[in-house]
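Numbering (my numbering), first residue to last: 1 to 268.
We treat Cβ as the ideally placed atom computed from N, Cα and C, and that holds for glycine.
Note that the coordinates shown come from a computational prediction; the quantities given were computed from them, not determined experimentally.
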């Protein structure tokens with residue numbers, strides 16, 4: 001694998017990005033946090049006008065009058081703003097499914113002339129494929145919610161104790177179960193209800209269970225809990241609401257199987 005490494009501002013990163021983009025024959029995919037560099041933007045416009053397919057995602061909060069976003073739209077490119085309510089912090093161009101430009105560098109004058117930044121230009125189809133998979137996930141992100149029952153491929157919510165016999169803040173809990181054949185690091189997962197989020201931590205072994213005490217309350221009716229990772233919903237459960245699940249006072253709401261997520265029928 002051939003890898004080129006450059007540092008800004010000493011190495012003029014924008015020049016190397018433009019040189020790499022100039023080699024595009026068929027398509028360029030990109031994800032950028034901040035994209036205001038007119039030189040790189042102009043090169044992409046030229047390539048698009050000469051038949052190269054361009055498809056890209058901009059971080060929503062960084063789109064402004066200085067951004068290349070509107071320029072690309074006006075030139076008929078297939079670009080969109082990221083739908084994730086959190087930051088889309090990628091800085092990557094994928095060229096012809098075989099070359100990846102990535103690093104800390106945002107295509108901007110500050111990134112090129114002021115900040116200490118870096119870029120890697122990686123010539124490897126396997127790595128390009130991994131970034132394309134991530135691009136597809138970001139492009140198709142619809143808010144991260146699961147709208148139907150789907151097979152479980154990750155950890156799941158296995159128990160909810162919401163109607164306690166004592167003080168709710170001391171006794172309520174949510175249990176997470178790992179039905180996979182691998183250990184899972186929970187440091188990147190969150191349990192949430194509404195605007196209340198709680199980051200989890202620790203390792204959960206294959207077929208293992210971990211219990212968490214939520215820092216937010218679990219209502220006795222109309223309640224729900226969301227398990228997510230990176231802004232994407234992993235599992236969901238609700239009780240005494242549209243889902244008719246009910247646990248009597250002092251009893252635990254629990255799953256009866258672990259094959260699917262977002263499914264009322266998986267619970268008892």
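*Roughly how many whole angstroms lie between the Cα atoms of residue 199 and residue 233?*
Distance between the alpha carbons of residue 199 and residue 233 is about 14 Å.
*Got a sec: does the ligand COA put a non-hydrogen atom nearer than 7 Å to the Cβ of residue 165?*
Absent from the structure shown: the ligand COA. Ligands present: none.
_Along the chain, where does the alpha helix (DSSP H) containing residue 221 start, and where does it finish?_
The continuous stretches of alpha helix (DSSP H) do not include residue 221, and DSSP gives it neither H nor E.
_Helix, strand or coil at residue 241 [DSSP, three-state]_ = Coil.
*Count the other C-beta atoms from every protein chain shown that fall within 10 angstroms of the C-beta of residue 32, then say buried if there are 16 or more, exposed otherwise.*
Residue 32 comes out buried.
*Option nearest residue 216 by Cα separation, candidates 75, 208, 225 and 209*: Out of 75, 208, 225 and 209, 225 has the C-alpha closest to the C-alpha of residue 216.
_6 Å CB neighbourhood of residue 117 in its chain, flanking five on each side removed_ = Excluding residues up to 5 positions away in sequence, 8, 104, 105 and 111 lie with their Cβ nearer than 6 Å to the Cβ of residue 117 in the same chain.
*For the stretch 171 to 215, list the beta strand (DSSP E) runs that are entirely contained and at least 3 residues long, ordered along the chain.*
Residue ranges of uninterrupted beta strand (DSSP E) with 3 or more members, entirely inside the stretch 171 to 215 and ordered along the chain, are 173 to 177, 189 to 193, 196 to 199 and 209 to 212.
*Whose C-beta lies closer than 6 Å to the C-beta of residue 236 among residues of the same chain, with five residues either side of it excluded?*
Cβ within range, chain order: 226 and 262.
_Using a Cβ-Cβ cutoff of less than 7 Å, which residues in the same chain neighbour residue 63 once the five nearest sequence positions on both sides are dropped?_
Here the set comprises 69 and 81.
*Distance, residue 86 Cα to residue 13 Cα*: Residue 13 and residue 86: Cα-Cα distance of roughly 27 Å.
*Could you give the C-beta distance for residue 210 and residue 202, rounded to a whole number, given that I count them as a contact under 8 Å?*
That belief holds up - the Cβ atoms of residue 210 and residue 202 are roughly 6 Å apart, short of 8 Å.
*Start-end ranges of the beta strand (DSSP E) lying completely within the stretch 109 to 169, minimum 3 residues*: Taken in chain order, the complete beta strand (DSSP E) segments of 3 or more residues contained in the stretch 109 to 169 are 117 to 123 and 156 to 161.
*Counting Cβ pairs closer than 8 Å, one from the stretch 47 to 65 and one from the stretch 187 to 199, do we hit at least three?*
Output reads no: the stretch 187 to 199 does not touch the stretch 47 to 65.
*asked:* Counting C-beta neighbours from all protein chains within 10 Å, is the total for residue 59 16 or more, i.e. buried, or is it exposed?
replied: Buried is the call here.
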